[in-house]
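Numbering (UniProt numbering), first residue to last: 1 to 286.
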């Protein structure tokens, strides 16, 4: 009984993630064609008189194909919110074509609505717990030069990239689990600081597949990055899931190694942080 009660707040937290303007508006837009075409009073009002209400054979085929595309693309979804985002994206693209097929003017109006709502109601940024240092300008370069003891994981991101927003919760969760005084996580907005993008060899073009890039620095030098850059300077696709992070960066073993190599001062700092975390959890339980 207690375990089921403890899960209720967690479930409510998950539900609250979609109770916002972005998801509500996208749900309406994604289902607009099906609702408009299948409900006769709405259909007769929206479409010209020569358009038959109800889905015809071609529209059925397009919707089935849409389902296949969504299933295929969501094989690599990071979480259920990423899955939902893919559903919205491809449903809106299909709906533009379907509306345009019935009436070009309605199709154009729907496309403009999709564009406007994308600008006005962007996907919400992650606001949960994290242990991440945000660097400005040359601060990351200066820190790597100053402190060679610390192993850093740095996410190079831009504020406008949907992929960067989706990786945010994964990177934050890893920072909560693996941060040590000598193993830390940081972020740098390379869209805002273009010179740093050039310094760390990050392509910030809107079509770039290097966003986000997560690099591991050791002794002030980059030793690993994902996605990797293959032939002709092209990024090799990488799924930024927690499992792939653990495997590709060998995080569990790296955590053990850094924990064993902590100095006395770092051990004291770590013990103090652990004690403070336990005290904080106790207050929440009360």
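Here a beta-carbon is modelled for each residue, glycine too, at the ideal position from N, C-alpha and C.
The segment 177-185 makes no contact with the segment 108-128; the number of CB pairs closer than 8 Å stays below 3.
Bridge partners of residue 151 according to DSSP: 183.
In this structure residue 92 touches residue 29 by the C-beta definition: roughly 6 Å separates them, less than 8 Å.
Put simply, the segment 208-226 touches the segment 141-149. At least three CB pairs are less than 8 Å apart. Inter-segment contact for the segment 197-212 and the segment 155-169 is present: three or more beta-carbon pairs are separated by less than 8 Å.
The alpha-carbon separation between residue 234 and residue 73 amounts to approximately 21 Å. Following the DSSP letters along the chain, one finds residue 224 inside the beta strand (DSSP E) bounded by residues 221-226. In the DSSP secondary-structure assignment, residue 216 is bridged to 153 and 224. With a cutoff of 8 Å on beta-carbon distance, residue 242 and residue 174 are scored as near each other. Bridge pairing for residue 135: 188 [DSSP].
Exclusion of the five residues before and after residue 231 leaves no residue of its chain whose Cβ lies closer than 8 Å to its Cβ. The beta carbons of residue 96 and residue 111 sit closer together than 8 Å. Secondary structure note for residue 235: it is in no alpha helix (DSSP H), with a DSSP letter that is neither H nor E. Where residue 44 is concerned, the enclosing alpha helix (DSSP H) starts and stops at 40-46. Excluding its 5 nearest sequence neighbours in each direction, residue 53 has C-beta neighbours in its own chain below 6 Å: 40 and 43, listed in chain order.
For residue 195, the enclosing alpha helix (DSSP H) starts and ends at 194-199.
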